[in-house]
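Under my numbering, the first residue of the sequence shown is numbered 81, with each subsequent residue one higher. Cβ coordinates follow ideal geometry from the N, Cα and C atoms, glycine included. Notes to accompany the following structure.
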Amino acid sequence: MTKATGLGPLPVLLEKRAGFGPLRKVFEANAVPLGVIEDRQTAIPLRSMCGLFDMAALSAGDRCFGLDVGQNMSPKEFGLWLQYCAQGRTLSEALQRASRTSNSQQTGSRLFLHQQGERSAWCYKRPPDSAFGPHHTDHLVGAMTRFLRHYLGAAWQPIRIDLDYPKDPDASRLAAALESPAFFAQPCLALWFNTSSLCNASIAPPQARNPLTYEMIAASTHNDKPNDPIASIQQIITMRLLDNLSDIDGVAQHCGLGVQGLQRLLRKHGLTYRQLRNQVIMTRAQNLLIESHLSVTQIAVSLGYSDHANFTRAFRKHSQLSPSQYRRQNDLDLCL
């Protein structure tokens, strides 16, 4: 799973270059709700994220589309996590912070530092079961380069760039845009630099006031169980609720499993799909009651209930309170 923050300016750039129709088709083809464009803390499957990048590049007709997305990503896209990493006094400390905490942003992949004599590389290794996604890799090149420049200078370019996909017919266009030697079909994405640069201090030293800790990052990302398969399935169900979908077939497809395979996995954890889906729906209902101004009826409809009464019965069974009582109680708590 990966956070929708990783989309960066993809939706804006694609709509600008190809229009809203192709943007909608790209999201629909990858079964990702358009709602994640606004709700960037939503977690989506990495294979879906890779699909979005590749189809967006195809729709835009631009071999360098992924690279452009990464180069135009704002530090704000990564939230507190990037601020935490950038608190490192040196490049070495910053990369160690990123390596230790990257699972708060994306599960299954690895960020790591590889040292080889006078040269070192900051590397990204995608999960073995993730979809092939050259344009997703390209966007990481742009984003990772921008972060390294925080310590190496605004004009810095990698000594070489290793790309984790085969060379394609239009690769020369990408190589020209990278402005660094590019090597294809490598084991992982890697940006190489001089090992001596690991001691470089931040160009803009962070303020000592209110330093961030990893516990704060984990709390802000709601991802305290990054390697828990049940947590990943819950995130997929949550994402699909943005499109008012909660069927098991779509969830199984996102997990790369058949329906029976998903059911077997859930049984190993003492759960049925219905139980897990209801847990997710009730959690979202609670969050909407507290954090939105939607009426109870509007919330019921958004969660797939046919009427207010059915939703109220289900909510009372789960929370021992009616939706209205739950909203009032938490309104009072927030004002204490």
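Within 10 Å of its beta-carbon, does residue i have 16 or more other beta-carbons around it, so buried, or fewer, so exposed?
i           : result
residue 279 : exposed
residue 374 : exposed
residue 314 : buried
residue 234 : exposed
residue 215 : buried
residue 289 : In this prediction, residue 289 scores a pLDDT of 45, lower than 50, which makes its location untrustworthy; no coordinate-derived value is stated.
residue 389 : exposed
residue 104 : exposed
residue 327 : exposed
residue 158 : buried
residue 302 : Residue placement at residue 302 cannot be trusted, given a pLDDT of 49 that sits under 50; the coordinates are not used to answer.
residue 248 : exposed
residue 332 : buried
residue 156 : exposed
residue 99  : exposed
residue 352 : exposed
residue 140 : buried
residue 403 : buried
residue 366 : buried
residue 83  : buried
In three-state DSSP terms, what is residue i?
i           : result
residue 205 : strand
residue 400 : coil
residue 247 : coil
residue 432 : In the structure displayed, the chain extends from 81 to 416; residue 432 sits before or after that span and is not available.
residue 152 : coil
residue 332 : helix
residue 196 : strand
residue 190 : strand
residue 100 : helix
residue 323 : coil
residue 239 : coil
residue 257 : helix
residue 123 : strand
residue 107 : helix
residue 263 : strand
residue 284 : coil
residue 341 : helix
residue 164 : helix
residue 223 : helix
residue 157 : helix
Considering only their Cβ atoms, is the gap separating residue j from residue i smaller than 8 Å?
i           : j           : result
residue 273 : residue 246 : no
residue 150 : residue 88  : yes
residue 334 : residue 128 : yes
residue 263 : residue 240 : yes
residue 283 : residue 230 : yes
residue 257 : residue 147 : yes
residue 115 : residue 368 : no
residue 362 : residue 395 : yes
residue 269 : residue 220 : yes
residue 81  : residue 117 : no
residue 206 : residue 244 : yes
residue 364 : residue 318 : yes
residue 275 : residue 199 : yes
residue 224 : residue 162 : no
residue 152 : residue 132 : no
Would you give the residue range spanned by the beta strand (DSSP E) that residue i belongs to?
i           : result
residue 271 : 269-274
Specify, as a first and last residue, the run of the alpha helix (DSSP H) that residue i falls within.
i           : result
residue 134 : 126-140
residue 169 : First-last for residue 169: undefined, no H or E at that position.
residue 81  : No alpha helix (DSSP H) contains residue 81, which DSSP labels as neither H nor E.
What are the start and end residues of each continuous alpha helix (DSSP H) run of 4 or more residues lying completely inside the stretch 360-399, in chain order? Segments of the alpha helix (DSSP H) lying fully in the stretch 360-399: 376-382, 388-399.
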